[in-house]
Structures are given as structure tokens and as C-alpha cells.
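Structure record follows, encoded as C-alpha cells.
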Amino acid sequence: MTAAVVTGLGVAAPNGLGTEAFWKATLAGQSALAPLTRFDTAQYPSVVAGEVKGFVAEEHIPSRLMPQTDHMTRLALAAADWAIGDTGADLRQLPEYGMGVVTAASGGAVEFGQRELENLWSKGKEYVSAYQSFAWFYAVNTGQISIRHKMRGPSGVLLTEQAGGIDAVGHARRHVRKGTPLVVSGGVDAALCPWGWVPQIASGRMSTVTDPDRAYLPFSTDACGYVVGEGGAIVVLEDASSARKRGASRVYGEVAGYAATMDPAPVTGRPSGLRRAAENAIADAGLTPRGIDVVFADAAGVPELDQAEAAAITGLFGRRGVPVTAPKTMTGRLLAGGAALDVATALLSLRDGVIPPTVNVRVPAPAYGLDLVTGQPRDTNPRSALILCRTDD
Amino acid sequence: MTGIDSGGAPRAHTDRFGGRGTKAETLWCLARRPGSMREGTHSDWHSPARPTNPKSLGPRGNEVTSMRRVAITGLGAVAPGGIGVKEYWELLTAGRSATRTISFFDPSPFRSRVAAECDFDPVSAGLTPQEIRRLDRAAQFAVVSAREALTDSGLDVCRLDPGRIGTSIGSAVGCTTSLEREYVVVSDGGRKWNVDHEYAVPELYRHFIPNTMAAEVAWVVGAEGPAAVVSTGCTSGLDALGYAVELIREGSVDVMVAGATEAPISPITSACFDAIHATTPHNDEPERACRPFDRTRAGLVLGEGAAIVILEEWESARRRGAHIYAEIAGFAARCNAYHMTGLRPDGREMAEAIDAALQEARLAPDAIGYINAHGSGTKMNDRHETGAFKRSLGDHAYKVPISSVKSMIGHSLGAIGSLEIVACALAIEHGVLPPTANLHEPDPELDLDYIPLTARERQADVVLSVGSGFGGFQSAMLLTRPEARS
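Chains A and B supply the protein sequences, listed in that same order. Under the working numbering, read the first sequence as residues 31 to 423, first letter to last. Under the working numbering, read the second sequence as residues 94 to 579, first letter to last.
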């Protein structure tokens with residue numbers, strides 16, 4: 031079967047705009063978590079976030095698109111430009127129906143939506159933007175990327191919250207395997223506005239700790255919820271042979287295995303599907319757990335969820351059986367962008383043979399039995415990475 | 094955190110880390126460096142030392158071949174004019190329109206004041222008080238439809254590996270009704286930008302992330318395989334089924350609970366369609382508001398509803414003696430990469446999707462015996478897809494009967510594609526083609542056979558259903574009569 035390889039990365043992360051800036055910051059353990067500045071948080075119990083700073087939309091987005099795009103879509107368009115540029119491919123040489131776009135979304139373009147809801151309810155329906163019908167909705171990033179790059183092939187949009195980035199990449203791989211030579215995938219999300227903030231407070235899982243270095247401590251005995259960030263990554267998947275044929279200069283890695291599971295209803299008392307998903311993905315890649323060199327964890331930062339994830343990892347790999355890391359401690363959880371950024375981070379880790387660290391967690395809770403990479407990056411030359419994510423449903 | 098009285102009961106938060114469902118989904122992805130070199134070069138592209146097997150392996154190590162076929166074995170629907178598949182089909186075959194003046198809110202400020210609303214009572218539909226409180230209207234539709242489909246299929250899920258059952262739900266705008274209702278509360282009627290978390294209901298996050306709808310459906314069935322919400326605007330209902338088909342074909346699952354749901358009839362939806370004049374201003378005779386292919390058509394009519402089907406791998410459905418309504422024989426999706434809301438009159442990308450679906454089904458264009466059109470009733474759409482049919486089917490386009498059920502049940506955005514597939518499956522089952530209601534004055538520009546006003550008795554062996562969506566999405570799906578291909 032055709033191998034789906036990643037030939038381009040575009041990163042828009044709180045701790046780095048652009049792939050190399052992000053990677054440098056990540057290896058240096060530079061966290062972007064800080065008190066939120068996008069709006070006044072004085073009234074809210076949660077105040078720490080991972081904001082993408084220094085993004086000047088006008089430098090990346092045609093003026094025509096400005097009134098019809100949310101911050102989220104602008105970040106996604108920029109990341110897509112970078113990822114496509116990174117491939118070195120001349121898209122005019124590829125068949126227009128041979129290029130597709132599959133992205134993930136969670137809450138849509140929430141800030142755009144809030145503004146138009148406000149216009150409707152405070153002023154009246156005449157004040158609602160003519161762009162509202164598509165600017166806020168879940169499919170907007172795929173639609174705008176496909177239009178901008180004239181990609182007319184099989185496309186899609188998947189909503190599975192934090193897991194969306196990986197579902198999108200898994201689906202993009204399907205398209206590549208079925209004969210679409212190039213598929214743009216991943217996810218970029220941004221919901222740092224009050225109407226995006228309040229639902230997360232209502233979830234009861236967002237950290238209320240005000241010290242940015244203590245707010246998000248997955249696998250720690252001090253774990254106290256998660257911090258939300260914005261951004262994500264766009265990746266370009268290509269059919270290995272067609273990439274070779276066009277003379278692609280670089281391949282970051284192959285998407286070798288993918289699987290998804292659904293937890294049973296809480297009332298059933300049946301076990302979580304976490305470990306089963308891992309087993310299926312490893313089997314799909316034709317590997318065994320011994321072939322996995324690093325695990326990029328979901329790292330919810332919520333004790334019961336951390337415990338479940340640790341149990342799945344140790345159940346599969348043994349106690350301290352595999353290095354585990356969570357670079358998202360530097361960015362916060364990015365909703366639909368999170369798993370996509372983890373995919374990009376894992377590919378960079380494979381490229382440079384180094385595992386980036388988990389920051390702010392000094393020692394993981396001993397009971398979890400995890401070999402968590404903390405402090406310095408680890409030069410263990412990993413050749414395969416396993417990325418895990420979950421929805422917070 | 095304290096709840097503050099908002100004129101009714103205080104809205105307390107759930108306990109931190111407690112009182113909620115556990116995480117609903119886990120996914121893994123493996124990225125592997127192609128060779129030992131730090132940077133990939135041509136020479137190390139061949140290298141992954143994967144065990145080679147002449148037969149490709151699925152996620153559970155099972156053999157995957159392209160021969161796995163997909164059967165529709167159960168149907169469920171919540172539609173305007175009727176809850177349940179039987180009532181839905183009666184409405185369609187009677188050629189009755191269920192569009193009416195909007196009753197859910199005061200529509201008087203809006204240019205378009207009609208919609209196809211469901212008379213849905215969650216209690217008599219069998220939902221528990223907990224489900225009614227927890228679920229958005231769209232999720233309620235989905236759960237009720239899923240139960241109907243499961244019962245209809247006769248599938249005994251207890252005898253199956255729950256990990257081999259997946260869920261795929263389409264929705265364009267998710268839990269928009271609940272979100273708008275809650276927005277009005279926490280923003281004090283739109284007065285506060287810094288909306289008030291103390292008035293937020295505990296369910297708010299579940300409404301914010303619509304994948305919870307897939308979780309609810311999975312829980313109804315006991316499905317523990319992959320679960321996702323597919324959201325490609327108005328093609329979501331077709332694309333969610335297409336996604337499900339791919340999962341069965343590749344061998345990741347054997348059964349999919351798949352379909353789509355939408356409950357978009359709310360002020361914000363009306364406002365945003367008003368703003369671009371997508372919805373019709375024909376308010377005077379609500380039941381005549383949606384007029385696909387008619388010279389006087391002036392826009393779509395918003396609808397709501399859900400349709401969920403049970404899809405099974407063909408051979409296992411046959412083995413258990415399941416009733417098979419139809420086979421999903423082909424599916425393709427394309428993007429027009431043209432405009433977020435506009436369509437090219439020549440229908441090039443839709444034709445491309447139709448061609449690709451035919452190719453996948455290994456069928457010739459002249460095998461098509463009925464087309465369930467997107468037929469939204471906008472000036473632009475009906476021209477666009479007429480162009481697409483001619484492009485793909487050539488002369489056969491003039492012979493094949495075509496209709497739009499949106500003339501009767503409106504356009505329920507992400508749900509409509511699945512509702513239309515249920516209509517197609519029933520058309521095959523009963524040998525009856527639903528009509529296009531309200532088609533009294535044919536548009537001379539649109540010169541195909543659009544089955545005006547009354548249903549037509551005719552056995553179609555191959556049925557095409559198409560959809561177009563904001564974002565530039567174009568999808569096509571082919572169903573075949575089981576007897577015709579066995």
C-alpha cells in the first residue's frame with residue numbers, strides 16, 4: 031500500500047510562529063503560558079492561556095479576506111502557506127483534483143461568532159455580517175485553504191475536539207492511499223474570547239491556578255486542570271512515490287498507523303478505549319510496542335485523566351518502558367490544533383533525533399510509573415513516535 | 094464558584110473533575126522517520142522496515158480488500174411533518190410540504206419567515222429526563238433516529254465486538270440552538286462582551302464541541318469503534334455517510350451507525366441567511382415557499398431533522414439474514430475552490446464528484462434510474478446542478494427522473510444529505526420516486542425531468558444523490574438496489 035509521507039509543516043504556536051522558531055523554543059523549554067491579555071479576565075476564575083503573539087494578519091492575509099475571516103482562519107491560512115511552501119512543490123504541476131484539504135475544528139471561529147451574536151442581539155439582524163454564514167462555521171478553514179490554493183480533490187472537516195488533529199491526519203492518509211497525491215491536513219484553532227472561554231470554565235476542567243508555571247502540570251501530583259491555548263499546525267501529506275517523482279527534497283516521516291476508539295458510556299462501567307486505540311494504531315503500522323521510541327501524551331492535566339492515560343501507557347509498554355513527553359505544557363491545550371501540533375512536534379523530534387521536554391513538571395507522580403522527559407531534551411535518536419490524544423467530552 | 098439566581102433556579106457548576114462523562118475518544122497516530130538519516134533523502138524513502146504482507150492489514154490485523162461492500166440495513170429519521178421513517182415516507186410520497194411560518198421565535202423582523210419545523214416532543218420520542226436536559230435539540234434528534242435505525246436493522250449488538258462498531262455523524266452548525274440560547278443568557282441579551290460564566294449551564298461545553306453528538310449516538314448503540322462528527326457545511330449528511338463507508342471498506346469496522354442531524358432554526362441562522370438573501374422571501378403561502386426548479390423560485394427554506402442509518406459490511410449482513418435496503422456503491426467529494434458560497438453555473442466540480450462516484454461504483458452514467466437532487470431552490474443552485482447532470486450523464490440526463498425533497502422538508506443544512514439518502518433507500522425499496530412539490534411553472538432554462546408535484550411509480554436500480562455546501566463542497570453518492578447487483 032502507498033505510504034503517506036509528510037513533506038511540509040506549518041506551525042502557528044503560542045511559543046513560536048513558524049516551524050523553526052517553534053522548534054527552537056520547544057527544545058529550549060520556553061513556555062508561552064501567561065496571563066491572558068486578549069480580553070479582561072478579572073471576572074473569571076481561570077486567567078492563564080497560551081496566546082499566539084506577534085501575528086500580524088495583514089502581512090499574511092489578502093485585504094479582501096480580512097473582513098470575512100476570524101483570527102483562527104487567518105492563522106490557519108498562514109500555517110497552510112508555510113506548510114505548502116515547505117514542501118517545495120509547485121502546485122501548478124499537480125492535478126487540481128489531486129489535491130485535497132482535511133482539517134479539524136472544535137468550536138469554529140468563536141470570536142467572529144460572538145461578535146455577530148452580539149450584533150444580532152444588541153442591535154438587530156441588519157447588523158449581522160454577510161460573512162457570518164460561513165466565517166464562523168466548522169468547515170471554514172478547509173474551505174478557505176482549498177479556495178486559496180485551488181485544491182479541488184477529496185476534502186473534509188472532522189470535529190473531535192482535542193483529537194481532531196489526528197483524525198484529520200488519519201483521514202488525509204486515507205485520501206492519499208486512495209490516490210490523491212497531496213492532502214493538506216492538521217488543525218489550527220483559536221477560541222480566546224469570552225464566548226470561547228466561558229464554556230471551558232463550565233467544563234470544570236480548566237485550571238484556576240494563576241501562576242503560569244503552576245497552572246498546567248500533567249502527570250504531576252499537583253495536577254490541577256489544563257490551560258487552553260490557540261494555534262496549531264498544518265501538515266502536508268503526500269503519496270511517497272509521487273513526492274519522489276516530483277523531486278521533493280525532504281520527507282519528515284511517514285504516517286504509519288492510525289486508530290480511533292470511543293469510550294463506552296460512563297454508566298456501563300466498561301473500560302476506556304485508550305489502550306485499545308494505541309494497540310490498534312501500532313498494529314496498523316505493522317509494529318509492536320517495542321518499536322515505539324517516544325510517546326507524545328495527551329496530558330490532560332486532570333488527575334483522573336492523567337491516571338487513565340498513564341495506566342494505558344504502562345499497560346502497553348511496562349512501567350517506565352518508553353519515554354513520554356508533553357511539549358504542550360509550553361503551549362496549553364489547543365483544541366483542534368493540539369494533536370496537529372503534536373504531530374508536527376513528533377516529526378521534528380524524529381528529524382533531529384531528540385525528544386523535547388515536558389516543562390514545569392519536576393517529577394511525575396511516582397504511582398503513574400511513567401518515564402516522563404522533563405528538564406532537558408533527550409538525545410535518544412527516536413525513529414518512531416506514538417501520539418495520543420483524547421477529547422475532553 | 095457560586096451560582097447566581099437568574100430568575101429561575103441557580104445554575105450551579107458540576108464538581109470539578111466530577112459528574113461528567115469520561116473522555117470520549119482516543120486516537121493515535123504514528124509518525125515514523127523513513128530512514129536512519131537525519132534528513133530524508135530520496136535514497137532513504139524506501140526504508141521503513143515494516144513487515145511486508147501481500148495483503149494489506151487493517152488496524153486489527155484483519156485482511157482488507159477493496160471488495161468489502163457496504164449495506165444499508167436500518168433506517169431512522171426525524172423529519173418535518175413526521176417523526177419516524179414511516180411518516181417521513183408518507184409525507185414525501187404524498188408530495189406534501191411541511192414548510193410553515195416559523196413558530197420557534199418571532200420571525201417578524203426577518204426577510205424570510207418560513208421554515209420546515211419538526212413537531213418533536215422529546216418525551217414521547219422516548220428520551221429520558223437526563224437526556225432531555227443534557228442534549229441539544231440536534232443531539233436529541235440524532236439519538237431518537239439512531240434508536241429507530243438500530244431497531245429497524247434487527248442487529249443484536251450484544252453479539253458483536255463493540256470495538257468493531259463506529260459512529261459518524263454529520264452536522265454543519267452543531268448545537269447552535271442551545272449555544273444561541275445560552276449566549277443570550279450569559280451575555281445579558283447581547284449587552285456584555287465579557288459574558289458571565291456564573292450563568293453558564295454545566296452542559297455548555299458539551300454544546301460548544303459538537304463531537305458530543307457522536308458520543309451520544311455511540312452510547313445509544315454501545316459502539317466503541319471510531320467516532321467523529323463530519324462537518325462540511327451542507328454536504329455533511331452525505332460526507333458523514335461517505336466517511337462511514339470508507340471505514341467499513343478499509344476494515345477498521347464492520348458496522349457503522351452513521352447519518353446526520355441539524356436543528357438550526359434560530360435567530361442567528363435566519364439572520365445570516367437573510368444577510369446573503371439565501372432564504373426565500375415567499376412568506377405568504379408557507380407551504381409553497383420552497384420551489385426547486387420552478388421559474389418563481391427565490392431561495393431555500395430552512396429545515397431541521399435527522400437521519401441515521403445502520404451500515405454493515407455486506408457479507409456479514411447477508412449471513413445474519415438482514416434486510417438490505419440498498420448498497421452504498423460509490424461516493425466522492427470534491428471542492429470547487431471557487432467561492433465560500435458561490436457556485437459555478439457549469440457545475441464542473443459536482444460533475445467531477447459524480448464521475449468519481451460512478452467510477453468507484455463501476456457503473457455507467459446511463460445506469461442511473463433516479464437522481465435525488467440538491468435542489469435547494471436558489472436560482473444559482475438549480476442551474477448549477479442541472480449543468481452538472483448534463484455534464485456527467487450526457488443525453489441520459491434528459492431521460493432520468495430527478496426530484497428535490499427539499500421542496501417538502503426544507504433544507505436542514507448538515508442533516509439533509511442523510512435525510513435524502515434515506516429517501517433514496519426508500520425509493521429503491523418501494524419502487525416509488527418522491528416528487529418535487531411546488532413545481533408549477535417550470536423554468537425554461539432548466540430542461541430536465543424534475544418529477545413535478547406527484548410521486549412516480551418506477552423501480553430505480555441505481556440512485557444518485559448529490560449535495561453542495563458552503564465552503565465549496567460538492568458530494569455525490571450512489572445507491573444500488575440489492576437485487577440488482579448481488
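All C-beta atoms, glycine included, are put in the ideal place defined by N, C-alpha and C.
Under a 10 Å Cβ-count criterion, His201/A is classified as buried, with 16 or more other Cβ atoms of the shown protein chains found around its own Cβ.
For Glu534/B, no chain A residue has a C-beta closer than 8 Å to its own C-beta; the minimum C-beta separation is roughly 28 Å. Taking all protein chains shown into account, Ile225/B has fewer than 16 neighbouring C-beta atoms within 10 Å of its C-beta and is therefore exposed. Closest in alpha carbon position to Thr37/A, among Arg392/A, Thr421/A, Ala374/A, is Ala374/A. In the pairwise beta carbon analysis, the stretch 151 to 159 of chain A is classified as not touching the stretch 315 to 330 of chain A: fewer than three pairs are separated by under 8 Å.
Residues of chain B with a Cβ closer than 7 Å to the Cβ of Val158/A are, in chain order, Ala364, Cys365, Ala368.
Among the residues of the stretch 383 to 402 of chain B, none has a Cβ less than 9 Å away from any Cβ of chain A. Between the alpha carbons of His300/B and Gly330/B lies a gap of roughly 19 Å. With a 10 Å radius around the Cβ and a threshold of 16 neighbouring Cβ atoms, Gly219/B comes out exposed. In the three-state reduction of the DSSP assignment, His504/B falls in the strand class.
The beta carbon of Pro215/B sits closer than 6 Å to the beta carbons of Ile225, Gln233 from its chain, once the five residues preceding and following it are set aside; these are given in chain order. Fewer than three pairs of CB atoms, one per stretch, sit closer than 8 Å, so the stretch 299 to 316 of chain A makes no contact with the stretch 201 to 221 of chain A. Here Ser345/B is buried. Its C-beta has 16 or more other C-beta atoms within 10 Å.
Secondary-structure assignment with DSSP links Phe326/A through a beta bridge to Thr355/A, Ile417/A. Using beta-carbon distances, His101/A does not count as an interface residue toward chain B, since no partner is under 9 Å. Under DSSP, the beta-bridge partners assigned to Thr260/B are Ala320/B, Val350/B.
Put simply, of Ser261/B, Val348/B, Arg388/B the residue whose alpha carbon is nearest the alpha carbon of Arg161/B is Val348/B. For the stretch 216 to 231 of chain A, residues whose beta-carbon sits nearer than 7 Å to a beta-carbon of chain B comprise Pro224, Trp225, Val228, Pro229, Gln230, Ile231.
For Glu284/A, the uninterrupted beta strand (DSSP E) run begins and ends at 283 to 292, by DSSP.
Residue nearest to Ser238/B within the set Ile421/B, Val402/B, Ala426/B is Val402/B (criterion: CA-CA distance). In this model, Val350/B and Ile258/B are separated by some 7 Å (Cα to Cα).
Among the residues facing chain A, Val163/B is not included, as its CB has no counterpart in that chain under 9 Å away. A residue is called buried when at least 16 other Cβ atoms come within 10 angstroms of its Cβ; Asp475/B meets this threshold and is buried. Gln60/A: not part of any alpha helix (DSSP H); DSSP gives it neither H nor E. Per DSSP, Glu406/B is one residue of the beta strand (DSSP E) stretching across 398 to 406. Ala220/A is the residue among Tyr161/A, Ala135/A, Ala220/A whose C-alpha sits nearest the C-alpha of Glu81/A. The beta carbons of Gly396/B and His504/B sit about 5 Å from each other, so the pair counts as a contact at 8 Å. At the C-beta level, Ala242/B and Gly174/B stay beyond 9 Å of one another. Between Ser215/A and Val199/A, the C-beta spacing is below 9 Å.
Linking Ala293/B to Tyr282/A through their CA atoms gives a straight-line distance of about 44 Å. Taking the C-beta atoms as reference points, Met306/B is found nearer than 9 Å to Gly267/B. In this structure, Ala113/A lies away from Glu268/A, with their beta-carbon atoms at least 9 Å apart. Taking the beta carbon of Arg549/B as reference, no residue of chain A falls within 9 Å; the closest one sits roughly 33 Å away.
Per the DSSP secondary-structure output, Ile264/A pairs in a beta bridge with Gly40/A, Gly216/A.
Beta bridge pairing from DSSP links Asp269/A with Ala34/A. For Phe142/A, the enclosing alpha helix (DSSP H) stretches over residues 140 to 148.
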